[in-house]
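Structure record follows, encoded as structure tokens.
In the working numbering, the protein residues as written are 16 to 439.
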């Protein structure tokens with residue numbers, strides 16, 4: 016039996032693929048939309064510099080983690096994710112997101128659901144219950160002193176995501192950055208907390224500024240999935256997917272989160288599945304058109320944001336990426352509806368976006384998606400039966416007014432997309 020394929024771990028140059036006969040369309044879009052292209056040479060140079068910096072940072076974090084060597088183990092490879100990994104970056108190559116995988120040794124952990132103040136389960140979020148709780152004080156003394164083990168009134172012990180993030184992860188990262196300041200004279204470092212990520216802004220000696228989102232990911236296991244030939248476009252392919260949970264405690268006092276859960280929340284990470292979705296697009300022209308259109312839409316939304324347009328204020332890049340996944344599923348897997356080029360793909364993006372904003376519901380692609388088994392048959396991700404509305408945290412007033420922002424979006428892209436009846 017052939018070994019399972021590993022998901023690539025490289026920065027991917029952005030999608031910029033148009034259909035046959037769309038040269039004039041490409042030029043028209045560049046006139047009407049802010050330039051979303053990324054220079055090829057600049058991309059390659061910055062990707063190389065990014066890897067050098069991240070290698071240095073991981074080495075330093077790993078050195079600081081040795082203090083916890085009996086309790087925590089870091090993997091030796093950073094996992095690249097988000098737009099720079101998925102080929103969706105626009106403008107400048109100045110933002111990179113990574114997960115630093117780690118293991119908390121010797122713990123028997125059972126996940127527990129998180130319910131909102133109305134008693135409804137919140138998809139994608141969980142608490143980490145420690146079953147072998149009686150000996151953690153002696154087996155994990157440093158984590159215990161950092162209050163990572165939270166005991167409730169009934170004696171249940173959970174991993175405290177806030178204390179792990181602030182008292183363990185941030186402490187290691189700050190010490191690593193302090194070492195890098197000495198090792199890399201001429202560089203400037205600033206860091207901000209944005210759980211589950213730590214944003215590290217690096218100013219290079221040439222004054223080039225690059226942002227890195229560094230996320231600690233607790234490894235929870237892996238699975239091998241046979242991706243059908245109908246999806247890959249070639250043959251059945253067995254792929255290995257690793258899973259992680261991220262310390263996503265509630266740092267914004269969300270009124271829908273119960274007070275007793277705020278410090279205990281971890282988020283299920285779907286990064287591996289997202290990376291593979293992007294890879295599925297590389298060998299398929301219709302999917303490449305969808306991803307190219309997605310980058311154009313990101314640029315349009317940025318234009319709307321500058322004008323304080325309500326649609327621009329509501330929609331973010333993850334929302335747009337989710338819409339691209341839904342289009343890929345509906346139009347290239349469930350249906351053979353031909354996407355002839357970027358013009359068609361932009362039409363689908365606009366139609367889907369209007370539909371979701373009108374309904375005030377944008378379904379997360381990886382939660383409660385009844386068709387997900389078409390791509391990932393037998394995957395444990397299919398156990399996420401409950402739908403997650405990505406607009407659930409949006410301001411209700413903004414949700415009401417966002418639909419009025421479409422007029423400007425349609426004006427910007429006038430003549431660049433295939434018109435649908437739903438856009439009337």
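C-beta atoms are modelled at their ideal positions from N, C-alpha and C, and glycine is treated no differently.
- The straight-line gap separating the alpha-carbon atoms of residue 342 and residue 192 is approximately 41 Å.
- The DSSP assignment places complete alpha helix (DSSP H) segments of no fewer than 4 residues inside the stretch 269–301 at 286–297, in order along the chain.
- Here DSSP, grouped into helix, strand and coil, assigns residue 209 to strand.
- Judged by beta-carbon spacing, residue 265 lies within the 8 Å limit of residue 277, meaning their Cβ atoms are closer than that value.
- In the structure shown, residue 227 falls within a strand segment according to DSSP collapsed to helix, strand and coil.
- Residue state for residue 132 is assigned as coil, using DSSP reduced to three classes.
- Contact annotation, residue 129 with residue 93: C-beta distance approximately 28 Å; criterion of less than 8 Å not satisfied.
- In the DSSP assignment, residue 98 falls within the unbroken alpha helix (DSSP H) covering 98–101.
- With a contact defined as Cβ atoms closer than 8 Å, residue 96 and residue 286 qualify at about 5 Å.
- For residue 117, the enclosing beta strand (DSSP E) starts and ends at 110–119.
- When DSSP reads this structure, residue 92 sits in no beta bridge, so it has no partner.
- Taken atom to atom, the span from the alpha-carbon of residue 155 to that of residue 238 is near 28 Å.
- By the CB criterion at 8 Å, residue 269 and residue 408 fall inside the cutoff.
- Residue 364 holds the alpha-carbon nearest to the alpha-carbon of residue 337 among 430, 321, 364, 358.
- Contact between the stretch 189–206 and the stretch 59–77 is present: 3 or more CB-CB pairs across the two stretches fall below 8 Å.
- Secondary structure note for residue 330: it is in no beta strand (DSSP E), with a DSSP letter that is neither H nor E.
- For the pair residue 326 and residue 142, the CB atoms are not nearer than the 8 Å cut-off.
- By the Cβ-count criterion, residue 104 is buried, with 16 or more other Cβ atoms from all chains shown falling within 10 Å of its own Cβ.
- Under the three-state reduction of DSSP output, residue 157 falls in the helix class.
- Nearest neighbour of residue 331 by Cα position, chosen from 98, 392, 187, turns out to be 98.
- In this structure residue 413 is in contact with residue 328, their Cβ atoms being roughly 6 Å apart against a cut-off of 8 Å.
- The shortest C-alpha to C-alpha distance from residue 47 to any of 318, 370, 355 is the one to 318.
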